[in-house]
Every structure is written in C-alpha cells, then in structure tokens.
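Asks:
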Amino acid sequence: MDNSFEKEMLQINSEWKSNSRIYGEVMELWVENNIPCSCGGRLVTQPVNQKSIDCICNQCSKNIQVKSSAKPFTINRNGKLKILGAEYTTTLNSINSELDWDLMLIQYDKELNYVVNVKVIIAENIKARNVIPRKPLGPNARRAGWQGCYLEFDAEVVKELI
7 MDNSFEKEML
17 QINSEWKSNS
27 RIYGEVMELW
37 VENNIPCSCG
47 GRLVTQPVNQ
57 KSIDCICNQC
67 SKNIQVKSSA
77 KPFTINRNGK
87 LKILGAEYTT
97 TLNSINSELD
107 WDLMLIQYDK
117 ELNYVVNVKV
127 IIAENIKARN
137 VIPRKPLGPN
147 ARRAGWQGCY
157 LEFDAEVVKE
167 LI
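Residue numbers (my numbering): 7 to 168.
(1) Can you name, in chain order, every residue of its own chain whose Cβ lies under 6 Å from the Cβ of tryptophan 22, other than the five neighbours on each side?
(2) Is glycine 91 helix, strand or coil by DSSP?
(3) What residue ranges within the segment 31-104 form continuous alpha helix (DSSP H) runs of no fewer than 4 residues, ordered along the chain?
(4) Which residues mark the beginning and the end of the alpha helix (DSSP H) in which glutamine 17 is found?
(5) Does the count of Cβ pairs from the segment 125-133 and the segment 100-114 closer than 8 Å reach three?
(6) By Cβ distance, which residues of its chain are closer than 7 Å to glycine 47, with the 5 residues on each side in sequence left out?
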C-alpha cells in the first residue's frame, strides 16, 4: 500500500472548485488503487455524485462510502465519533434500503499528499439511529430548506485500517 496520493492528484480531471470535493475525488481514487476489499477483491470507484456509494467491490459487490478530511476523525468525550453526513432523507433511505454500505473514513495531509489514517465502520453497525438530522437551511440560503445530517457512532464500532 502506498500512503502517498500524488499519483491520484495527477490522475483526476476535476470540475470541482471546492478543495473538499477535489480531495474527496482524489481519496476515492486512492482507495481504488490501494485498499482491497475484505474479500480480496478490488474496490472500483463509481461515477461522481452517486448517492451513498463511492466504491463497489468487483468480486463480492460490497458497497463503500468514503468520507475524507484533513482533520482527524476523533472520538469525543462521550465515546462517540460524530461526522458530517449528506442529505438527511437520502442517507436514511440508503440505510433503510437493501443497499448495505461500509463507511471508510480517511484522514489526509494536504501538504505532504499523504494518507494519515483510514478507519472503517462496517455496514452492520450503520443504522437509522446513527443518522442525526441537522437544522434545515434557512429561507435565504442558496439551497433553502435543504437538510443535512450527522452520522454518530459508538467508539467500539470504529476500526482502524491504517
């Protein structure tokens, strides 16, 4: 495994202006190139903006959602890991459907183009109770009424890969 993502930075042709979107795309490609599925298969990136799924295993069809950040994913003093999720209803629907997905959390260093650590929460530990609604955006917001969510997990379900 190569923790450097310099190669992936050169491979993307991103239309995004947001650094978090650009690095998100880079991390998905890094996963495809460096992290095998637990079955030994290859995780293949999916088209950008596919709801809830970023990579799929080419052997067992396991679904992976990738979240990445330059800041560490840390357990709070209540023994919980709380991260930003996506749109509230979409996230709930994906959890309540037959579409199971593991959550992969990647911390990276922007200056060094290096993956610092990778954590995984497997699908059986991702339930509707882990999805916490955020307050909807106000009427003057560009996406007025849009409601995001947080994902919150007990520390014991968060496993270190790297």
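Beta carbons: idealized from backbone N, C-alpha and C, even for Gly.
Keep in mind it's a predicted model, so treat the numbers as computed, not measured.
Replies: The answer reads as follows:
(1) By one-based count along the sequence shown, residue 22 stands at place 16. These residues qualify, in order along the chain: Ile28.
(2) The sequence position of residue 91 within the sequence shown is 85, counting from 1. If DSSP states are grouped into helix, strand and coil, glycine 91 belongs with the strands.
(3) 94-102
(4) In the sequence shown, counting from the first residue as 1, residue 17 sits at position 11. For glutamine 17, the uninterrupted alpha helix (DSSP H) segment begins and ends at 12-17.
(5) yes
(6) Start at 1 with the first residue of the sequence shown, and residue 47 comes out as number 41. Here the set comprises Cys63, Asn64, Gln65 and Cys66.
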